[in-house]
Structures are given as structure tokens and as C-alpha cells.
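Novice: Can you read through this structure? Questions will come right after.
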Amino acid sequence: MRQGYWLVPVLMWASVAVGGEVSIVQRDASLRITIGGDIFTVFRYGDDLPKPYFLPVTAENGWDLLSKAEFGDETVAGRAAFVCEESLTVKQNGETQQLPFGTLVQVSKVDDNRVEILESDSAVPRSALAPLAGTVTRLVNLNPPQIKDRNSPLYYDHPHHKGIWLSVDEVNGIKFWNEDGRIKTHSVKVLSTGKKQASFELVAHWMGVDDKPLLRQTTIYTIYDDFFLGCDTTFSAIDQPVSFGDTKEGMFAIRLPNSMREMISQGPVRNAEGKSGSEPCWGLESPWVDYCGKVDDNTLGVTLMDHPANPRRSRYHVRNYGLFAINPFGTKSYSRGELPEQPLTLEPNGEGARFRYGLYVHAENIPDEAISKRYATFVNDLN
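Here's what the structure looks like:
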């Protein structure tokens, strides 16, 4: 551990065991990731995307929350579920239909392994759907309504905020966060599956202005059975120097659904030092920051964590409108000019830069002790 970094507390906290077998099913352009047979997330990496990302991402017991909900309109989660297969075959009125990824369906009944939906005459596999009642990511809308009221449940801003993703602006001047540059998937390989965790490797190329690979991103994502996502990424220059400039727009991020926004649900948002609120936590270093909010009447939460072995401390880009990110490249921006820039330049065939982060999805507003205990486990797991 670097001198002067955070000490990892050892705390006694009895958390409830969750999860089960962690499985990854690879399709043509996606990985469907389940915990105990239920969807945790889908990793999407098709050539039609400006970058790879996870969508949707769910908390534990989402199906229990859906089962207790009423049918509603598009402004609530209700009994809606998200199709997580690249194409789901259903039959209605004797006609076979294909429901593409992202289609929303209405669930009338939930069984152990199958669910009945209004859009099909027969039940469909439960593992093919994600309940919105337990989903902590805003859904991607490529044709959003033109609503100017920020308090509206249907308000849609920053279309480059997609699920959980990794990108940053000012890489040789290219704004990858803003999707001015493309992050192109080179390969995706499932490494392991098992009772407690599963992992896969992503190799992606950040494309230069000449549409040639500029930067190589090699990331191992590990999914744990307690709904924890570990991100271990290494950046390497390919054939020219690559500089990361100072920016607040980065890097490992999640966009929360509108109902979870602090400006709507009042959080709480808090960090490991006890600061409360997105504004007081914004731009600061901390082992972790936790962001809670409501989905319908239920509280869900997401914690972002910074690993003490990272080459530099990261800061949190946490906003009341649902953006939640951790970024090592914005010292001057986050300090509003009080601290100098800390640029990073990688040389071809030189040493890469490795960063490790954690993202913990939890139901309810859990105590600091529970988060700190999970943080200690994260530090040990990603050494």
C-alpha cells in the first residue's frame, strides 16, 4: 500500500449472504451475466456502439420488488421488465415474434424460473428479463422525448451516459467521454464462471482522429455473487505517445435512473469521511462514495470504490442529476484551479497505467460499516 493512502478498516458487520452461481452467456455482441439464475447485467460491445457498456444493472431481489408492484405507465418501474436477450422469441395469438434487446414488457406472474408477460401467450425464461423495479441504471433512449422540465420522470439529458461505462475526455485532445471519439471492441473473452464469481476480459482500442488505434484498454471485469463489479483496467500506448489531460469528464461511471436522482429522491449521498450530499462529495478523494435513491417506493444504492494501489488517487464526479463517476485525471478541474494539473503520458512499448475500481449494487440504505467491510474485501480481491 502506498504511504499516506487510506487504511483499510477491519470491521465486524454481519451481512446477509446473497447470490449463487455467477454465470456468463456469450452472444454475438453481448454477455448476459446472471447471479443465482437472475440477470445482474448485460455487457454490450457491438460494432454499432460508440463504446462498450453494461445495461441494465440490477440489485438483488428485484423480482420480489416487481411481484409486489402494480402495473403502471412509463413514468414508473411498476411491473415492467427489460428484455436482456439479443432477441427473445415469443408467441402471441398464434404468431411468433422477436422482441429485440431493450424491449419493455409487462409481467403478470413470476415463478421460480419463468415469468408470464402480457406480450406472450406462454411463459418466458426469467433469466431473459430484468425487472425495472430492481434496476439502478437509466435506460438508453436513442429517441428521447423533448422534455425541458428536469423534474419530469421522462427527462433525458447527456445521451452519452450509458449504463455503466469507462471513458474519459482529453486523450490526445479527443473527448471520448462525449463520444467524439470511438472506443472499439477488439476482443471479449470469458475467463471464468463459478459459485462465487465470474470474470471476463475486454480488449478495446480507443481510435484516433485518423481512425487508427491510439490507445489499448485491457480490462478484466469480475462479477461477485453479492452484486459487486470489479474493474481492473490497464491503458497502453500503441504506436505514439498518449497523453491524458485534466478533465472532470471521466472515467468509470454509472448513470442512475431518474427516480434515484438526488434532486428527486434526496439521496442520501455520502462518502467514507462522513460528508453528505453530492455537492460536498463532488471532486474529493475518498475510499468510497455511496449514492442511494428510490425506484418507485423502494430504496436502492450504488457504491463506487477507489483502490489504494492505484498510481494516483481518484476523485468523484457525483451529481444530483444521477451521474456518478470516479476519475483519476481531474485534479485541477475538481479543485476549481486550486491544485495543478497532473497529466499522464504513456509511451509506446512503455509501462502502462493500471487502475482498479469497484461498484457495489445494494438494496436499501446500508450502514457505513457494511460498505467499509465490502471495501476491505475489494482491496484484497483486486491486489
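Using the numbering used here, the letters of the sequence shown map in sequence onto residues -8 to 374.
C-beta atoms are modelled at their ideal positions from N, C-alpha and C, and glycine is treated no differently.
Using a 10 Å radius around the Cβ and a threshold of 16 neighbouring Cβ atoms, would you call residue 256 buried or exposed?
Specialist: Residue 256 is buried by the Cβ-count criterion.
Novice: Tell me residue 312's beta-bridge partners as DSSP assigns them.
Specialist: None, per the DSSP bridge assignment.
Novice: In whole angstroms, what separates the C-alpha of residue 341 from that of residue 141?
Specialist: When rounded, the distance between both Cα atoms is 46 Å.
Novice: Looking at the structure shown, is residue 239 part of a helix, part of a strand, or coil, going by DSSP?
Specialist: It is coil, neither helix nor strand.
Novice: Three or more beta-carbon pairs under 8 Å between the segment 127 to 135 and the segment 147 to 158, yes or no?
Specialist: The segment 127 to 135, when compared against the segment 147 to 158, does touch it at the 8 Å Cβ threshold.
Novice: Looking at residue 237: is its Cβ nearer than 8 Å to the Cβ of residue 294?
Specialist: Not in contact: residue 237 and residue 294 (Cβ atoms no closer than 8 Å).
Novice: Let me check understanding here. Comparing Cα to Cα, which of 20, 126, 187 and 111 lies closest to residue 69?
Specialist: Residue 69 has its Cα closest to that of 126, out of 20, 126, 187 and 111.
Novice: In chain order, which beta strand (DSSP E) runs of at least 3 residues are fully inside the segment 53 to 98?
Specialist: Runs found: 71 to 74, 78 to 83 and 86 to 91.
Novice: Which residues in the same chain as residue 80 place their Cβ atom closer than 7 Å to its Cβ, once the five residues preceding and following it in sequence are excluded?
Specialist: Closer than 7 Å at the Cβ level, and outside the excluded window around residue 80, lie 87 and 89.
Novice: Go ahead and pull the three-state DSSP assignment for residue 359.
Specialist: Residue 359 falls in the helix class under three-state DSSP.
Novice: Hey, is residue 174 close to the ligand FAD, as in C-beta under 7 Å from one of its heavy atoms?
Specialist: As for the ligand FAD, it is missing from this structure, which has no ligand bound.
Novice: Give the straight-line distance between the Cα atoms of residue 120 and residue 298, rounded to the nearest whole angstrom.
Specialist: If I take the Cα positions, the gap works out to 32 Å.
Novice: Closer than 7 Å by C-beta to residue 188: which residues in its own chain qualify, once you throw out the five before and the five after it? Chain order, please.
Specialist: Here the set comprises 13, 213, 214, 215 and 216.
Novice: Are the Cβ atoms of residue 74 and residue 96 separated by less than 8 Å?
Specialist: A contact, by the Cβ cut-off of 8 Å.
Novice: If we require 3 or more residues per run, which beta strand (DSSP E) segments fall completely within the segment 140 to 175?
Specialist: Counting whole runs of 3 or more residues, the segment 140 to 175 contains the beta strand (DSSP E) stretches 155 to 159.
Novice: What is the residue span of the alpha helix (DSSP H) that residue 271 lies within?
Specialist: Unbroken alpha helix (DSSP H) run through residue 271: 269 to 272.
Novice: Just the C-alpha distance for residue 371 and residue 311, rounded to the nearest angstrom, thanks.
Specialist: Those two C-alpha atoms are separated by around 31 Å.
Novice: For residue 62, count the other beta carbons within 10 Å of its own beta carbon; 16 or more makes it buried, fewer makes it exposed. Which is it?
Specialist: Residue 62 should be labelled exposed.
Novice: Please list, in chain order, all residues of the same chain as residue 6 whose beta carbon is under 6 Å from its beta carbon, the five residues on each side excluded.
Specialist: Residue placement at residue 6 is poorly supported in this model, since its pLDDT is 42, which falls under 50; the coordinates are not used for a value here.
Novice: Could you give the residue range of the beta strand (DSSP E) that holds residue 336?
Specialist: Segment 335 to 337, the beta strand (DSSP E) holding residue 336.
Novice: Output the distance between the C-alpha atoms of residue 82 and residue 336, rounded to the nearest integer angstrom.
Specialist: Cα to Cα, residue 82 sits roughly 55 Å from residue 336.
Novice: Count the C-beta pairs between the segment 250 to 267 and the segment 283 to 293 that are closer than 8 Å, then say yes if the count reaches three, no if not.
Specialist: Touching, yes, given that three or more Cβ pairs across the two stretches are closer than 8 Å.
Novice: Roughly how many whole angstroms lie between the Cα atoms of residue 354 and residue 251?
Specialist: Taking the straight line joining both Cα atoms gives about 13 Å.
Novice: Using the C-alpha atoms, what's the distance from residue 351 back to residue 8?
Specialist: At residue 8, the pLDDT of 46 sits below 50, so the modelled position is not reliable; the number obtained from the coordinates is stated separately. Near 14 Å, if we compare the C-alpha coordinates of residue 351 and residue 8.
Novice: Here's a check: name, in chain order, each residue in its chain whose Cβ is nearer than 8 Å to the Cβ of residue 273, leaving out the five neighbours to either side.
Specialist: Within the same chain, residue 273 has close Cβ partners 307, 308, 309, 310 and 325.
Novice: So for residue 256, helix, strand or coil by DSSP?
Specialist: In the structure shown, residue 256 sits in a helix (DSSP, three-state: H, G or I).
Novice: If you draw a straight line from the C-alpha of residue 198 to the C-alpha of residue 219, how long is it?
Specialist: Going from the Cα of residue 198 to the Cα of residue 219 covers about 30 Å.
Novice: To which residues of the same chain is residue 47 closer than 6 Å at the C-beta, ignoring the five residues directly before and after it?
Specialist: Result list for residue 47: 73, 121, 126 and 128, in chain order.
Novice: Out of 175, 264 and 191, point me to the one whose CA is closest to residue 182's CA.
Specialist: Comparing Cα-Cα distances from residue 182 to each of 175, 264 and 191, the minimum goes to 191.
Novice: Run through DSSP, which three-state label would residue 18 get?
Specialist: Correct three-state label for residue 18: coil.
Novice: Identify, in the order they occur along the chain, each residue of the same chain with its Cβ nearer than 6 Å to the Cβ of residue 166, setting aside the five sequence neighbours on each side.
Specialist: Closer than 6 Å at Cβ, skipping near neighbours: 160.
Novice: Shortest alpha-carbon distance to residue 364 belongs to which of 296, 241, 137 and 139?
Specialist: Ranking 296, 241, 137 and 139 by Cα distance to residue 364 puts 296 first.
Novice: Excluding the 5 residues flanking residue 366 on each side, which residues of the same chain have their C-beta closer than 6 Å to its C-beta?
Specialist: If we look at residue 366 and ignore the five residues flanking it on each side, its Cβ neighbours are 278, 279 and 296.
Novice: Sort out for me which residues DSSP pairs residue 349 with in a bridge.
Specialist: Paired residue(s): 221 and 296.
Novice: Any idea what DSSP makes of residue 50, helix, strand or coil?
Specialist: In the structure shown, residue 50 sits in coil (DSSP, three-state: anything other than H, G, I, E or B).
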